[in-house]
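Chemist: For the sequence shown, the positions run 137 to 513 when the numbering used here is used. From the three backbone atoms N, C-alpha and C, an ideal C-beta is built for every residue, glycine too.
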Amino acid sequence: MKVEFYKHSLGELEKKAIVETLDSLFLTTGPKTKEFEEVFAKNMGVGRCVGLSSCTAGLFLTMKGWGIGQGDKVISPAMTFIATSNSIIHTGADVVFCDVDKETALIDLNQVEDSLKKDKSIKAIIPVHLYGQMVDMKSLRGIADKFNVKILEDCAHCIEAERDGITPGQLGDAAAFSFYATKNLACGEGGAVITNEQQLADELKVIRLHGMSKSAVDRHIKYKHWDMELLGYKANMFDIQATLLLTQLPRLESLWQRRNEICNKYENAFSKAGIDFPITLGGNKNARHLFTIWTPNGKRDDFLTYLQEQEIGVAVNYRSVHMRDYYIKKYGFKLGDFPVAEEIGEKTLSLPLYPKLENLEIDYVIDKVIEAHKVFA
Ligand SMILES: *Cc1c(COP(=O)(O)O)cnc(C)c1O
């Protein structure tokens with residue numbers, strides 16, 4: 137048996153919708169993008185949504201919109217995808233990493249508070265709802281307000297979650313989403329920012345498109361001169377992306393249900409076999425983006441090779457960011473700086489998780505993981 141690491145869930149509905157969009161006037165940012173922005177903002181219970189080319193662009197442009205740049209600092213967890221912290225560096229600001237919790241792998245809020253106490257140049261915090269479980273946003277909001285800093289949620293893993301009655305984007309000042317090929321809502325490449333700050337949303341609409349005062353839609357009805365208000369970028373969502381997203385949105389919950397079922401099977405089987413994984417705290421709804429196990433000490437790469445030899449697709453999400461070459465050279469980080477992120481980065485191993493995964497495949501993965509655990513424990 138061969139089990140792919142990931143298969144997307146786009147199908148006949150998307151094919152039909154794409155043909156309709158191709159038959160229409162707009163390929164770029166047009167009526168479909170506008171519709172997606174309206175529907176997504178409403179779904180997430182937040183005032184505004186701006187469609188973008190990626191989550192990375194969303195994180196970067198939001199910080200630019202807030203005026204964050206050289207001389208400023210922004211907090212990122214050391215256990216995340218590099219996009220989180222790279223986007224900070226692109227603004228000209230510096231990254232302040234915080235370590236993560238041993239059991240959930242989510243950013244350690246005590247370290248966030250300590251960093252804010254020590255360093256007045258920190259302007260924002262980027263909490264990452266890693267693997268689909270939300271950071272404690274109520275507590276984080278309290279901390280951010282105490283030090284008067286912004287919260288920019290990295291929601292690349294997390295649309296469907298809930299914690300303490302709060303959903304992604306509700307307590308942050310802004311939240312960035314990814315619609316990259318393997319994310320829970322996917323169109324190949326794409327992203328969006330949601331926010332209740334009208335001013336930020338207006339600014340994002342301008343800086344996502346060169347700083348032009350009018351978009352293609354504004355210009356097509358009746359040509360009017362546009363001006364360039366400021367130096368923007370090129371990161372607008374376009375209608376082909378928006379079409380694929382709009383057709384999937386009504387299925388988001390049922391796709392989540394299947395992934396949740398798969399995770400429950402994994403968790404039951406692995407608990408019995410004594411295999412560790414990040415816990416979902418009681419009362420939380422986990423968006424179930426990635427399922428990772430924590431392999432025996434020093435054996436992750438052997439474990440990974442073993443599963444690959446059994447034709448099971450696997451990945452590593454993630455090795456700690458501060459120990460990547462670029463970050464070591466830029467900031468002089470060394471082993472021991474963020475020990476929990478380092479430890480998780482050395483033992484984490486992601487298994488196949490997607491709605492199309494069949495029961496026989498799940499059983500096969502479980503058998504082989506337990507077998508590998510016996511070999512390497
Ligand atoms: C995928 C991902 C991103 C970047 O998303 P893009 O849309 O590819 O830019 C950012 N943060 C995390 C945690 C991710 O997993």
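Write down every uninterrupted run of the beta strand (DSSP E) in the segment 140 to 192 whose length is 3 residues or greater and which is fully enclosed by it, in chain order.
Modeler: 184 to 188, all fully within the segment 140 to 192.
Chemist: Taking C-alpha atoms, which residue in Glu325, Val285 and Ile262 lies nearest to Gly305?
Modeler: Residue 305 sits at position 169 when you count from the first residue of the sequence shown. It is Ile262.
Chemist: Pick out whichever of Leu307, Asp375 and Asn332 has its Cα sitting closest to the Cα of Ser160.
Modeler: Looking up residue 160 in the sequence shown gives position 24. Considering only alpha carbons, the answer is Asp375.
Chemist: Mark Val231 as exposed unless 16 or more other C-beta atoms lie within 10 angstroms of its C-beta, in which case mark it buried.
Modeler: Translated into the one-based positions of the sequence shown, residue 231 becomes position 95. Buried.
Chemist: If we call anything under 8 Å between Cβ atoms a contact, is Leu489 one with Phe413?
Modeler: The count along the sequence shown starts at 1 and reaches residue 489 at position 353. The count along the sequence shown starts at 1 and reaches residue 413 at position 277. Contact flag unset, no.
Chemist: Under 8 Å between the Cβ atoms of Met582 and Gly187?
Modeler: Given a span of 137 to 513 for the chain in the structure shown, any question on residue 582 remains unanswerable.
Chemist: Tell me whether Ala451 sits in a helix, a strand or coil according to DSSP, three-state version.
Modeler: Mapped onto the sequence shown, residue 451 falls at position 315. Ala451 falls in the strand class under three-state DSSP.
Chemist: Residues in the same chain with beta-carbon distance under 6 Å from Tyr500, minus the five sequence neighbours each way, listed in chain order, please.
Modeler: Counting from 1 along the sequence shown, the entry for residue 500 is found at position 364. Result list for Tyr500: Met137, in chain order.
Chemist: What would DSSP say about Ile295, mapped onto helix, strand or coil?
Modeler: In the sequence shown, counting from the first residue as 1, residue 295 sits at position 159. In this structure, Ile295 counts as coil in the three-state DSSP scheme.
Chemist: Indicate whether Leu266 and Met215 have their beta-carbon atoms separated by less than 8 Å.
Modeler: Translated into positions along the sequence shown, residue 266 becomes position 130. Translated into positions along the sequence shown, residue 215 becomes position 79. Yes, Cβ-Cβ distance for Leu266 and Met215 is below 8 Å.
Chemist: Checking the sheet assignment: what are the DSSP bridge partners for Val264?
Modeler: Looking up residue 264 in the sequence shown gives position 128. The partner list for Val264 (beta bridge, DSSP) reads Asp290.
Chemist: With distances taken Cα to Cα, identify the nearest neighbour of Gln335 among Asp309, Glu296 and Ala260.
Modeler: Counting from one through the sequence shown, the residue named residue 335 turns up at place 199. The option with the nearest alpha carbon to Gln335 is Asp309.
Chemist: Taking its Cβ as the centre, do 16 or more other Cβ atoms sit within 10 Å of His361, making it buried, or is it exposed?
Modeler: Counting from 1 along the sequence shown, the entry for residue 361 is found at position 225. That one is exposed.
Chemist: Is the closest heavy atom of ligand 1 to the C-beta of Gly268 under 7 Å?
Modeler: In the sequence shown, residue 268 corresponds to position 132, counting from 1. No, Cβ of Gly268 sits at least 7 Å from all heavy atoms of ligand 1.
Chemist: Can you find a heavy atom of ligand 1 that lies under 7 Å from the Cβ of Phe217?
Modeler: In the sequence shown, the residue the question calls residue 217 occupies position 81. Under cutoff, so the answer is yes.
Chemist: Hey, is Asp290 close to ligand 1, as in C-beta under 7 Å from one of its heavy atoms?
Modeler: For the purposes of this step, residue 290 is taken as the residue at position 154 of the sequence shown. Yes.
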